[in-house]
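For reference, the structure discussed in these notes is given below.
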Amino acid sequence: MKSGKAVGPDDISVEVWKCLGEAAVEFLTSLFNRVLESERMPEEWRRSVLVPIFKNKRDVQNCSNYRGIKLMSHTMKLWERVVEARLRKVVEVCEQQYGFMSRKSTTDAIFALRILMEKYRDGQRELHCVFVDLEKAYDRVPTEELWYCMRKSGVAEKYVRVVQDMYERSRTVVRCAVGQTEEFKVEVGLHQGSALSPFLFAMVMDQLSEEVRQESPWTMMFADDIVICSESREQVEENLERWRFALERRGMKVSRSKTEYMCVNEREGSGTVRLQGEEVKKVQELSTWGQQSRVMESVGKR
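Numbering (this note's numbering), first residue to last: 160 to 461.
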C-alpha cells in the first residue's frame, strides 16, 4: 500500500506497519492466519467512514454527481490484499476486461480500439461503437450476486466465507463539511475504497457478461465502462439490448444519460441507436476512459 492515505476509524495508518519492519510482518502473519482459520475478522474492521467526493462535473447540488469513498482500516486493506492474491491464482477473467488486470491498462484498451477504428477508416467502412456506462456500478452489486459469481468462478468455499465475513455487519457513517451522520448498516454494493473491491467487481462483470460476450465478441471492458462495436447500426443496437438485459436482470443499471454512440466513416442516413425506444446520445468525440481517450478523437473526425 502507498503511504500518505487517509486512515480509517481505527486511526492506524500503513506507515505504522512499515516502520515496525519484520516485527510487523510476524505480527500480521499471525493475525491473518487466525482470521483465515476462524473466518472472522476483528469487529473494528467492520466500521468505516464514507466521504462524498464531487466528480467536478455537472450540478454540484445533485447527489448523483458525487462518488462515495470509504475510509477503512489500513490493516483490513492489507488483509484484503492477501485475499486478492489468493483469488487471482484461481480466477481467470476474460481477455476483454482491461480494468484491474495485471499487465493491462487503460492505454492498452484505448490502443486496441484506436487500431480497430483506423482499420475501418482506411477501408472506408462504417464502424458503429456504443460506450456503455453503468449507473452507480459498485453500489448496485447485490451481495448474493457476488457470492454466486465467486462460486461460479471456481473460488473455494472457504474464501467465499472469508469475503462474506468482510461484508457481514458492516457499518459506516457519512462525513461531510457540516458534520457526521449516525452509524448505519451497509447492506448492498461493494465497498468503495476497498483494496479487494476492484477485482471482485471484475469477477462479477466477467460472470454476468459470459453469455452475452458470445453473441457480442467485439466488446471491451474497463471495469464498469463497456465498449460495444459492430459493422452495422442494427447489430450494435441488438448487442446493446443484450448487454442491458444481461446486466439489469442481475441488479445493475445502464445509465441512459451517459451511454453514447459514435460511428466511424458515417454515411448519410446511417440513423441512430436506440435503447428500449430511447435514442442514445450521438457524439463525434469519445469521452470514455477519461482524458487518455482524447488520443482517439482525431479518428472519429476524419
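Don't be surprised by glycine CBs; every beta carbon is placed ideally from N, CA and C.
Coil, strand or helix - Tyr420 by DSSP: Translated into positions along the sequence shown, residue 420 becomes position 261. Three-state DSSP puts Tyr420 in a strand.
Glu254 (DSSP reduced to helix, strand or coil): For the purposes of this step, residue 254 is taken as residue 95 along the sequence shown, with counting starting at 1. Glu254: coil per DSSP, three-state reduction.
Contact belief for Gly348 with Val300 at Cβ below 8 Å, rounded distance in angstroms: Position 189 of the sequence shown, counted from the start, is the residue given in the question as residue 348. Position 141 of the sequence shown, counted from the start, is the residue given in the question as residue 300. Separation of the CB atoms of Gly348 and Val300 is rounded to 6 Å, and the pair is thereby assigned contact status at 8 Å.
At least three beta-carbon pairs within less than 8 Å, the segment 183-196 to the segment 218-232: no
Endpoints, beta strand (DSSP E) assigned at Ser207: By 1-based counting over the sequence shown, the position of residue 207 is 48. Looking at the DSSP string, the run of the beta strand (DSSP E) that includes Ser207 is Arg206 to Phe213.
Beta-bridge partners of Gly227, as assigned by DSSP: Residue mapping note: residue 227 aligns to position 68 of the sequence shown, counting from 1. Per DSSP, Pro211.
Inter-stretch contact (C-beta, 8 Å, three-pair minimum) for the segment 230-250 and the segment 352-360: yes
For Val208 and Ala183, the rounded distance between their alpha carbons: As a working note, residue 183 is residue 24 in the sequence shown. As a working note, residue 208 is residue 49 in the sequence shown. Across the structure, Ala183 and Val208 are spaced so that their CA atoms are roughly 25 Å apart.
Contact between the segment 280-296 and the segment 381-391 (3+ Cβ pairs under 8 Å): Three or more pairs of CB atoms, one per stretch, sit closer than 8 Å, so the segment 280-296 contacts the segment 381-391.
Under the three-state DSSP convention, the category His233 falls into: The count along the sequence shown starts at 1 and reaches residue 233 at position 74. His233: helix per DSSP, three-state reduction.
Val395 vs Thr418 beta-carbon contact at 8 Å: Position 236 of the sequence shown, counted from the start, is the residue given in the question as residue 395. Position 259 of the sequence shown, counted from the start, is the residue given in the question as residue 418. Result no, Cβ atoms of Val395 and Thr418 do not sit closer than 8 Å.
Where Ser172 sits in the DSSP three-state scheme: Here residue 172 is taken as the residue at index 13 of the sequence shown, counted from 1. In this structure, Ser172 counts as coil in the three-state DSSP scheme.
Nearest candidate by alpha-carbon position, reference Gln256, set Trp377, Leu399 and Arg328: Position 97 of the sequence shown, counting from 1, holds the residue named residue 256. A check of alpha carbon separations from Gln256 across Trp377, Leu399 and Arg328 identifies Trp377 as the nearest.
For Leu275, the first and last residue of its enclosing alpha helix (DSSP H): As a first step, residue 275 is located in the sequence shown; it is residue number 116 there, counting from the start. Unbroken alpha helix (DSSP H) run through Leu275: Thr265 to Asp281.
For Ala405, the nearest candidate out of Ser368, Ser414 and Asn424 (CA to CA): The sequence position of residue 405 within the sequence shown is 246, counting from 1. Closest by C-alpha distance to Ala405, out of Ser368, Ser414 and Asn424, is Ser368.
contact_flag[the segment 164-177, the segment 195-214] where n(CB pairs < 8 Å) is 3 or more: yes
Cβ-Cβ separation, Leu286 to Glu390 (assumed contact under 8 Å), whole Å: Here residue 390 refers to the residue found at position 231 when the sequence shown is read from its first residue. Here residue 286 refers to the residue found at position 127 when the sequence shown is read from its first residue. Rounded, the Cβ-Cβ distance is 7 Å, consistent with contact.
Other residues of its chain near Asn424: CB distance less than 8 Å, five sequence neighbours each side excluded: On the sequence shown, residue 424 is found 265 positions in, with the first residue counted as 1. Answer for Asn424: Tyr279, Arg280, Gln283, Arg284, Glu285 and Leu286, listed in chain order.
Ala296, buried or exposed, once every other Cβ within 10 Å from all chains shown has been counted against 16: The residue given as residue 296 occupies position 137 in the sequence shown. Flag for Ala296 reads buried.
Limits of the unbroken beta strand (DSSP E) element including Thr331: Here residue 331 refers to the residue found at position 172 when the sequence shown is read from its first residue. From DSSP, the beta strand (DSSP E) with Thr331 extends over Arg330 to Cys335.
Per DSSP, cross-strand counterpart(s) of His287: Translated into the one-based positions of the sequence shown, residue 287 becomes position 128. His287 is bridged to Ser389 and Cys422.
6 Å Cβ shell around Arg409 - same chain, five flanking residues per side excluded: To locate residue 409, count along the sequence shown from 1; it is residue 250. For Arg409, where only same-chain residues beyond five positions count, the Cβ hits under 6 Å are Glu304 and Leu367.
is_contact[His233, chain C] using C-beta, thresh 8 Å: Structure shown: chain C not included; a single protein chain is present.
Pairwise C-alpha distance: Val333 and Asp267: As a working mapping, residue 267 is identified with position 108 in the sequence shown. As a working mapping, residue 333 is identified with position 174 in the sequence shown. Asp267 and Val333: Cα-Cα distance of roughly 36 Å.
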